[in-house]
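**Q**
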Amino acid sequence: MKELYKILLVDDEEEVRKSIIKKINWEEEGFLVVGDAENGVEALEKIENLNPDLVFTDIRMPYMDGLELINEINIRYPLIKSIIFSGFDDFDYAKEAIKMGVIEYVLKPVSAVELTEILRKVHKSMDEELDKKRDIERLRRGYQASIPILREQFLNGIIHGSISASEIDYAMSEYDINLNNADRYMVAAVHIDDMDSHIVDKELIPISVKVNLLENLKYKLQAEVFSMYSETSIVILTGLPEKMSKNYIMSILTEAIRDVNRAIGVNLTIGLGISVKDITNLHRSYTLAKEALGYRGIVGSGEVIYIKDMEPVKSDKLKFEDIEAKEYINILKFGSDESIEEYVEKIASKLKESKVHSSQYQSYMINVINIIISLVQDYGLELSVLTKTATDYIDLLDKIKDTGGFREWLLEASINIAHKIREDRAFTSKKVLEEAKVYIEENFADMDLSLEKLCKHLHVSVARFSTNFKKDMGISYVNFLTNVRLQKAVELLKTTDEKTYIIAEMVGYADQNYFSYVFKKKYGVSPSKYRQQG
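Note that my numbering has the sequence shown beginning at 1205, numbered continuously upward.
1) Where does the unbroken alpha helix (DSSP H) through Phe-1524 begin, and where does it stop?
2) Met-1390: buried (16+ other C-beta within 10 angstroms of its C-beta) or exposed?
3) Would Arg-1611 pass as an interface residue toward chain D - the criterion being a Cβ-Cβ separation below 8 Å?
4) For Val-1517, does the three-state DSSP call read helix, strand or coil?
5) To which residues does DSSP link Val-1642 through a beta bridge?
6) Whose CA, out of Arg-1466, Asn-1471, Ala-1496, lies closest to the CA of Gly-1477?
7) Over what stretch of residues does the alpha helix (DSSP H) that includes Arg-1264 continue unbroken?
8) Pop quiz: Ile-1625 and Lys-1530 are said to be a contact at Cβ under 8 Å. What is the actual Cβ separation, rounded to whole angstroms?
9) What is the C-beta distance between Val-1508 and Ile-1474, in whole angstroms, given that I count them as a contact (C-beta under 8 Å)?
10) Out of curiosity, what's the CA-to-CA distance linking Asp-1215 and Leu-1472?
11) What is the DSSP secondary structure of Lys-1210, reduced to helix, strand or coil?
12) The alpha helix (DSSP H) spanning Asp-1240 covers which residue range?
13) Please report the distance separating the alpha-carbon of Tyr-1568 from that of Leu-1615.
14) Check whether the Cβ atoms of Thr-1486 and Ile-1362 lie closer than 8 Å to each other.
15) Under the rule that 16 or more other beta-carbon atoms within 10 Å means buried, what is His-1740, buried or exposed?
16) If you draw a straight line from the C-alpha of Tyr-1510 to the C-alpha of Ile-1440, how long is it?
17) Exposed or buried, what is Leu-1658 when buried is set at 16 or more other beta-carbons lying within 10 Å of its beta-carbon?
18) Which whole-angstrom value is the C-beta distance of Ile-1228 and Leu-1213, which I expect to be below 8 Å?
19) Who pairs with Glu-1428 in a beta bridge, going by DSSP?
20) Evaluate the contact criterion for the segment 1405-1417 versus the segment 1358-1377: three or more CB pairs, one atom per stretch, below 8 Å.
21) In terms of alpha-carbon separation, which member of Gln-1736, Asn-1717, Asn-1672, Val-1413 lies closest to Thr-1699?
22) What's the gap between the Cα of Ile-1483 and the Cα of Ile-1502?
23) Reducing DSSP to helix, strand and coil, say where His-1327 ends up.
24) Could you check whether Leu-1697 and Ile-1706 sit closer than 8 Å to each other, using their CB atoms as the reference points?
25) Starting from Glu-1586 and walking both ways along the beta strand (DSSP E), at which residues does that stretch end?
26) So, Val-1694 versus Phe-1648, is the Cβ gap smaller than 8 Å?
27) For the beta strand (DSSP E) containing Thr-1473, name the first residue and the last one.
28) Cα separation between Ala-1427 and Lys-1554?
29) Would you tell me roughly how many angstroms separate the C-alpha atoms of Asp-1701 and Tyr-1297, rounded to the nearest one?
30) Is Gly-1270 near Asp-1257, with beta carbons less than 8 Å apart?
31) Using the beta-carbon count (16 or more within 10 Å), is Arg-1221 buried or exposed?
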């Protein structure tokens, strides 16, 4: 069965739109016409609701032409494809369209046969693009071919110190592992920092990381890259010449981190253990490599951490003192956004200066989170105010594993909570709505009177105000403002001799043509005809 792609048709002539829709069996060609629009402005409104995969648009249309529409689509919805059909065989138009990424430039009138041929070509191209995104099997086959299970079991055994020297010699030869002639050995433990952000094919991310690391390191280091069966981590085992410096190894691993991020969009942190002369002692290097990863909460993600570069953990415990907790809660209740940001920076600086291991860092983090949750519950707020994505306490803890992530989350959560507390303290639905109506009545002529501007004046959140306004008024803010402006326009048409463009400006419209379009949409006639009819 063919993949069905959604299409939106845009042309200012209704007959043209109907003709194009009728002349093709769209579903047979793998497309579904989900809607049509008569200009670019209307098309953008419909795109938001209909989510088309492809937009067919004319070039010359009122209010917003086809090229302007495509430019807006490229900015707002970069995944949507565009096709232009136009009655103008104009080289400059075609050149500009190609520059903007239009996949086809079709001249009107177009026959059903020609259009069908174009649709089949476009459908094939879109299928191929979709197949590339789904092609994860290639990674699986590459993994199975390059790292056999027995080879990984052997490498796991070396790391855990469970294989004797005689077994190592035999297996090195059997599995074609070229590490025997090294002067010393070193283990690097690899941590995938943003594993949870990859929802689709999550189990294949480590495979892709290993393939990319192997490709990156094979000409730079004598290295094996493999998974630990008992843990969800990746290990790099290196055999080194005597003269190779630690700094050189760290530079190679840092470059590998950057290359993996560029290739597959995954962030890595690498912990580097000490070097050992005897391959049977590699378990010591591995233990310290894991220990080095424990400092990623302080050092940050995307880095190589050498265990000997880290200072010993301080004996005094990192603690969120009671006096700090009280000060923080007071700032959340009564402070400004600026004071909240200053306090969060103070907490983040304290963490960085402490240089603690992950165990102490996590204890501190849990302490802060518990204080925040207690405050949220005191005010009867939803726990979702703590983060945009975490849906429960466990998920939340899993998402803030380093000082950068903790600072980012803490600042966002703190400001969200403070805003909710302010809203719950000051927000009275009826009073705010009445203030809003008065403000709109007094400022409808302001061409920049957006919902955001109104909410800033009222000191309420956009989301909450928008929901309450529509619930109580039975109409959205945009439609309410439009009605007020049009009512004022009607009064001016009846009581003054001002020209249409003057009246448009007086009621908040910069574009006379768009004002006329909106007016006619509501009253069925243009402003000038409305005035003539008395």
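Every residue gets a Cβ at the ideal spot worked out from N, C-alpha and C, and that includes glycine.
**A** Let's see:
1) From DSSP, Phe-1524 is part of no alpha helix (DSSP H); its letter is neither H nor E.
2) buried
3) Reference to chain D is not applicable here, since this structure consists of a single protein chain.
4) Confidence at Val-1517 is low in this model, with a pLDDT of 46, below 50, so its placement is unreliable and the value that follows should be read with caution. Note: Val-1517 maps to coil in three-state DSSP.
5) Answer by DSSP bridge pairing: none, since Val-1642 is not bridged.
6) Ala-1496
7) Per DSSP, Arg-1264 belongs to no alpha helix (DSSP H) and is neither H nor E.
8) Incorrect: roughly 16 Å between the Cβ atoms, too far for contact.
9) 5 Å
10) 49 Å
11) strand
12) Taken as a continuous stretch (DSSP letters only), Asp-1240 belongs to no alpha helix (DSSP H), being part of the beta strand (DSSP E) at 1235-1241.
13) 16 Å
14) Per the sequence presented here, residue 1486 reads as Leu, with Thr not at that position. Yes; because the gap between Cβ atoms is below 8 Å, this pair is in contact.
15) Only positions 1205 to 1738 of the chain appear in this structure, which leaves residue 1740 out of reach.
16) 14 Å
17) buried
18) Their Cβ separation, rounded to whole angstroms, is 11 Å, which puts Ile-1228 and Leu-1213 out of contact at 8 Å.
19) Leu-1441
20) no
21) Gln-1736
22) 31 Å
23) helix
24) no
25) Run containing Glu-1586: none; DSSP gives neither H nor E here.
26) no
27) 1472-1480
28) 38 Å
29) 41 Å
30) no
31) buried
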